[in-house]
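Below: one structure, written as structure tokens.
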Amino acid sequence: MSELNPILAASAQSTEAYQQAIAQSSQAVVQWLQQPEMYQGKTVAELRERIKLDFNPQGLGNQAAIERAIEYFLKDSLSVHHPQCVAHLHCPSLVISQAAEVLINATNQSMDSWDQSPSATIIEMKLIEWLRAQVGYQPGDAGVFTSGGTQSNLMGLMLARDAFFARQGHSIQQDGLTGNLKKIKVLCSENAHFSVQKNMALLGLGYQSVTLVKTDRFARMDLNDLTEKLAQAQANGEQILAIVATAGTTDAGAIDPLRAIATLAAEHDIWVHVDAAWGGALLLSEKYRDYLDGLELVDSITLDFHKQFFQTISCGAFLLKEARHYELMRYQAAYLNSEFDEAQGVPNLVSKSLQTTRRFDALKLWMGLEALGQKQYAAIIDSGVSLAQEVAHYIMEQSALELVMQPQLASVLFRYRPVEWTAAGNDEIALLNQKIGDALLESGRANVGVTEFDGVTCLKLTLLNPTVSLEDIKVLLALVDKTAQQLLSA
Ligand SMILES: Cc1ncc(COP(=O)(O)O)c(C=O)c1O
């Protein structure tokens, strides 16, 4: 039977129910953290069979609803903190991030207007100012927290598109797309994130608008090819709306030559957006900050805190070098960000965001910086980068493992190749590696990425977790070996 008043409020009944529900949930989390398996190893079909939405019309009450969530969700969740959970840019989270979530959720502030989030609005704005200073941008508060990298990249590309048309005297915001759209292109490397393509489709220019620039042997944008693609575009009568550089490609962790790209783009008056969803973590690094050299020159930047900043999902940011470009997406809603308000300097962050209702995710970064201090934050970021180098060394010493790419950030790309398979083709090796990845997840013992790099199917370790050691990865690589042997003898 459900409680009489289910709303969180000041009454004794409500606060008691709140405390009980939170205590029951956090105790369940503590137990779940102790589960030895990385995953309970159920297949898609088994989970579909097991999870049933048979809602009780009378309601179960909080306690029973939480028990069911523990049984059907928590126990079969992936343990992102587990040392063998290294498939994706999917981080274990900070304890302080959990505390922040309690505050974010209970207060339920909405970042669209000052009158829905007064202190939160100011904290977010100050964090944007702080992030801009880390990048090396001029003082200011142009930027906003986002749901993550995809949305930040969308904002960068959208403003680049609208600035491009505005230079030709046309307002996209007012009049929509116009002209020979097939001649408008975006350049990014062949290793850029797929959200560039998806966002360009969303922006009405289609996948066809994305021209891929070749990469060098370290998976970075090749400057000669970029120069050539710019010349080709000119010869074809095409116009370049933006260059998207990546600081930390999803698989190889490669960082494009930001300064050189920005310099070249400036010669052609082209907007540069940097997708630093992953590599942006190096802003805090003591050892690797110089990898981001030139970031301060670009027009807009994607940062993502639910990657190597160890924040819970979701938490990202978009930074805009020149505040004037925000005019391109100006919209004043009488009930949220009226002219009257703005004339008085009331900060309504809906003016800077694609979202209207928006979570106060910025609190997680603020509390993270407060709790850890920059030194410890830097240490846990640097640790993954250093571990990747050690793991690569170890892999090179193993006869059945082949390092596919030298690590640059915290990922290692490699493949299993049986020593006796001297004549085996790429397809055979690819299939074996795909099967190794699948079998490991199915066993519940490890989650290793399977990806393709330069036409080679390989396994990927994304070593974000600062509590993971080389010994843990040796255990994982022994599992890879054992799984491969089992598959080969089956
Ligand atoms: C380089 C890069 N950019 C953008 C994204 C998208 O970020 P999000 O998943 O936060 O939307 C990713 C995701 O892995 C990424 O690796």
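Read in order, the letters of the sequence shown are residues 3 to 492 in my numbering. Just so it is clear, CB atoms sit at the ideal spot from N, CA and C, and this is done for glycine as well. None of these values were measured; they are calculated from a predicted model.
Buried/exposed call for residue i, threshold 16 Cβ in 10 Å
i: HIS270; result: exposed
i: TYR139; result: buried
i: ASN58; result: exposed
i: ALA14; result: exposed
i: PHE220; result: exposed
i: SER149; result: buried
i: TYR333; result: exposed
i: PRO141; result: exposed
i: SER4; result: With a pLDDT of 47 at SER4, under the threshold of 50, the predicted position of this residue should be treated as unreliable, though the coordinate-derived value follows. Answer is exposed; the Cβ neighbour count stays below 16.
i: ARG52; result: exposed
i: HIS395; result: exposed
i: VAL137; result: buried
i: ARG447; result: buried
i: SER197; result: buried
i: THR469; result: exposed
i: ARG134; result: buried
i: VAL46; result: exposed
i: MET223; result: buried
i: ASN449; result: buried
i: TYR495; result: With the chain represented from 3 up to 492, any question about residue 495 goes unanswered, as that position is not in the structure.
i: LYS128; result: exposed
i: TYR209; result: exposed
i: LYS476; result: exposed
i: LEU294; result: buried
i: ASN226; result: exposed
i: THR180; result: exposed
i: PRO8; result: exposed
i: GLU73; result: exposed
i: ASP177; result: exposed
Closer than 7 Å: residue i CB and nearest ligand 1 heavy atom
i: LEU285; result: no
i: SER211; result: no
i: ALA279; result: yes
i: LEU466; result: no
i: THR217; result: no
i: THR252; result: yes
i: ASP306; result: yes
i: GLY150; result: yes
i: HIS327; result: no
i: GLY318; result: yes
i: HIS544; result: As displayed, the chain neither begins before 3 nor continues past 492, which places residue 544 out of reach and without an answer.
i: ASN449; result: no
i: THR248; result: yes
i: LEU91; result: yes
i: ASN435; result: no
i: ASN155; result: yes
CB contact check: residue i to chain C, cutoff 8 Å
i: ASP292; result: Of the chains in the structure shown, none is chain C; there is only one protein chain.
Residue i Cβ short of 7 Å to ligand 2 heavy atom set
i: ASN201; result: In the structure shown, ligand 2 is absent; the only ligands present are ligand 1.
Inter-stretch contact (C-beta, 8 Å, three-pair minimum) for the stretch 282 to 299 and the stretch 363 to 383: yes
Minimum length 3: unbroken beta strand (DSSP E) runs contained in the stretch 240 to 322: 241 to 248, 273 to 278, 302 to 306, 318 to 322
Contained alpha helix (DSSP H) runs [length at least 4] in the stretch 381 to 463, N- to C-terminal order: 428 to 445
Three or more C-beta pairs below 8 Å linking the stretch 300 to 318 and the stretch 262 to 280: yes
Contained alpha helix (DSSP H) runs [length at least 4] in the stretch 115 to 150, N- to C-terminal order: 120 to 137
Stretch pair the stretch 421 to 434 + the stretch 12 to 30: three plus CB contacts closer than 8 Å: no
Given 8 Å, three or more beta-carbon pairs between the stretch 239 to 248 and the stretch 184 to 191: yes
Cβ contact check for the stretch 304 to 312 and the stretch 272 to 284: 3 or more pairs under 8 Å: yes
Stretch pair the stretch 381 to 401 + the stretch 315 to 335: three plus CB contacts closer than 8 Å: no
Entirely enclosed beta strand (DSSP E) segments - the stretch 17 to 104, minimum 3 residues: none
At least three beta-carbon pairs within less than 8 Å, the stretch 319 to 327 to the stretch 409 to 422: no
Inter-stretch contact at 8 Å, needing at least 3 Cβ pairs: the stretch 461 to 481 / the stretch 84 to 92: yes
The stretch 88 to 102 touching the stretch 450 to 464, judged by at least three CB pairs closer than 8 Å: yes
Three-pair Cβ contact test at 8 Å for the stretch 251 to 261 versus the stretch 343 to 359: no
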